[in-house]
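Read the structure below first, then the notes.
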Amino acid sequence: MGSQLHLVSYGETERSGLSRELVRSLFPIDQGRSNADCWTIQYDSLNGCSIYVGPHETNSQTLINLWFERPCRDIRLWDAIYAVLDMGSVVLIYPSSSLILVAKGVCVQDIPTKLIGGRDSVAQVESTREMLDVLGLL
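The numbering used here puts the first residue of the sequence shown at 1, with every later residue one more than the last.
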């Protein structure tokens, strides 16, 4: 499994932010090992990771990005990642992939060039399974 993964909002979603409460509810956060902007999640004794969250600069109750350190293979993590991806104008950046991913229905032309960087293209996905397949993780 790759060592990191990024979810980054842009456009209207970046301006308004993602609900911290809603995003947080998607993950099994270990309260004793977490703080406001660094969440430790644990599915079982073998599957967990850390999530660093980037709060909106004017509203700490909303987020503009998430960085996953050492994402595990547990499908529940990937279902939650897809759920965030599907919340609006959000891109998934997986450093070992030449693609960036967005949920189906997102206007690809609106993605800022700075987010695409040197990547080959943008892939639209409509499920967790398709996301994992495109990333080569199945």
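Cβ atoms here follow ideal geometry from the backbone N, Cα and C, with glycine treated the same way. All values derive from a computational prediction rather than experimental measurement.
Among residues of its own chain, excluding the 5 on either side of residue i, which ones have a beta-carbon nearer than 7 Å to its beta-carbon?
| i | result |
| --- | --- |
| L132 | W78, L138 |
According to DSSP, is residue i part of a helix, a strand, or is it coil?
| i | result |
| --- | --- |
| S121 | strand |
| V106 | coil |
| Q31 | helix |
| S97 | coil |
| T13 | helix |
| L92 | strand |
Going straight from the alpha carbon of residue i to that of residue j, what length do you get?
| i | j | result |
| --- | --- | --- |
| L115 | Q31 | 32 Å |
| R119 | Y94 | 10 Å |
| F27 | D74 | 12 Å |
| L101 | C107 | 12 Å |
When you compare each of the options to residue i by their alpha carbons, which one comes out closest?
| i | options | result |
| --- | --- | --- |
| G105 | Y52, L85, S98 | L85 |
| V122 | R129, T58, I111 | I111 |
| T62 | V23, I75, R70 | V23 |
Ignore the nearest five residues each way along the sequence and tell me which others in residue i's own chain have a CB closer than 6 Å to its CB.
| i | result |
| --- | --- |
| I29 | W39, I41 |
| I51 | W39, L66, F68 |
| E126 | K104 |
| H6 | W67, I93 |
Between which two residues does the beta strand (DSSP E) harbouring residue i extend?
| i | result |
| --- | --- |
| G54 | 48-55 |
| T62 | 62-69 |
What residue range does the alpha helix (DSSP H) around residue i cover?
| i | result |
| --- | --- |
| T113 | 113-116 |
| L7 | That residue, L7, is in no alpha helix (DSSP H); its beta strand (DSSP E) goes 4-9. |
| T142 | Residue 142 falls outside the range modelled here, since the chain spans only 1 to 138, and no answer is possible. |
| A80 | 75-85 |
Does any residue of chain B bring its CB to less than 8 Å from the CB of residue i?
| i | result |
| --- | --- |
| I81 | No chain B appears in this structure, which consists of one protein chain only. |
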